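A.B. asks: Numbering (full-length UniProt numbering), first residue to last: 1 to 199.
#1: In the DSSP assignment, the beta strand (DSSP E) including residue 161 goes from what residue to what residue?
#2: Does the beta-carbon of residue 39, which I'm using as the reference point, lie nearer than 6 Å to any heavy atom of the ligand GTP?
#3: For a test of the three-state rule: what should DSSP assign to residue 22, helix, strand or coil?
#4: Using DSSP's beta-bridge definition, name the partner residues of residue 105.
#5: Hey, is the segment 102-113 in contact with the segment 81-93, meaning 3+ C-beta pairs nearer than 8 Å?
#6: State the DSSP-derived secondary structure class of residue 75, mapped to helix, strand or coil.
#7: Hey, out of 165, 50, 78, whose CA is closest to residue 185's CA?
#8: On the criterion of 16 or more Cβ atoms from any shown chain inside 10 Å, does residue 36 qualify as buried, or is it exposed?
#9: So, with DSSP's three-state summary, where would you put residue 138?
#10: Within 8 Å, do at least three Cβ pairs link the segment 1-13 to the segment 43-57?
#11: Which two residues bound the contiguous beta strand (DSSP E) that contains residue 54?
#12: Might you give, ordered along the chain, the residues of its own chain that have their beta carbon closer than 8 Å to the beta carbon of residue 97, omitting 5 neighbours on each side?
Right, here's the structure in full:
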């Protein structure tokens, strides 16, 4: 399971569970939780969100629960860059406005990726992406990722297929028109993910 490193950094793995395949968590006590076995990071720096990506492993005894009915997300191919005029999608249970409560049902919103220099011009050099190819900014028309969406996917279409181009990482605030949020780009971590999965 891919997520943002800051969501699980230094957390006790025994108190983290995955709920998979649910669009509504209103009655979360009646849903099937899946325990985790381990979490892997790659040089995560919590002070500046550098390498804000984590790979979570479910306990092996749950693996057989997932058959052909579950669709697995794909990481982007080498060289993929979304067209800055095309929309990507974000999905999550996060708040619908700054400092609001998380939601009980899954929400989807459209955003578009913008140039990192434009992002710096909007939110300032300190907050904007510092590590070039590993982060990207995106914004929507009155739609945004917010608290509780962290680790969720930034899904972009390339060659007619959907890919997890990024993961929700951080931002100054949310839901303000013209204010972008920052995402970890997954492609630079492709080899790391493949190596861990094969091992």
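Note that CB positions come from ideal geometry on N, CA and C, so glycine has one too.
Predicted, not measured: the structure shown is a model, and the values here were computed from it.
C.D. replies: In this structure, then:
#1: Residue numbering aside, residue 161 sits at position 161 when the chain shown is read from its first letter. 161-170 is the extent of the beta strand (DSSP E) around residue 161.
#2: Inclusion of the ligand GTP in the displayed structure is not the case, the ligand content being empty and no account of it being possible.
#3: Here residue 22 refers to the residue found at position 22 when the chain shown is read from its first residue. If DSSP states are grouped into helix, strand and coil, residue 22 belongs with coil.
#4: Looking up residue 105 in the chain shown gives position 105. Residue 105 pairs with 24.
#5: yes
#6: The residue labelled residue 75 in the question sits at position 75 within the chain shown. Residue 75 falls in the coil class under three-state DSSP.
#7: Walking along the chain shown from the start, residue 185 turns up at place 185. Residue 165 is the option with its Cα nearest to residue 185.
#8: For the purposes of this step, residue 36 is taken as residue 36 along the chain shown, with counting starting at 1. Buried: at least 16 other Cβ atoms inside 10 Å.
#9: By 1-based counting over the chain shown, the position of residue 138 is 138. Residue 138: strand per DSSP, three-state reduction.
#10: yes
#11: As a first step, residue 54 must be located in the chain shown, where it is residue number 54. Unbroken beta strand (DSSP E) run through residue 54: 54-58.
#12: Counted from its first residue, the chain shown places residue 97 at position 97. So the qualifying residues of the chain are 146, 174, 175.
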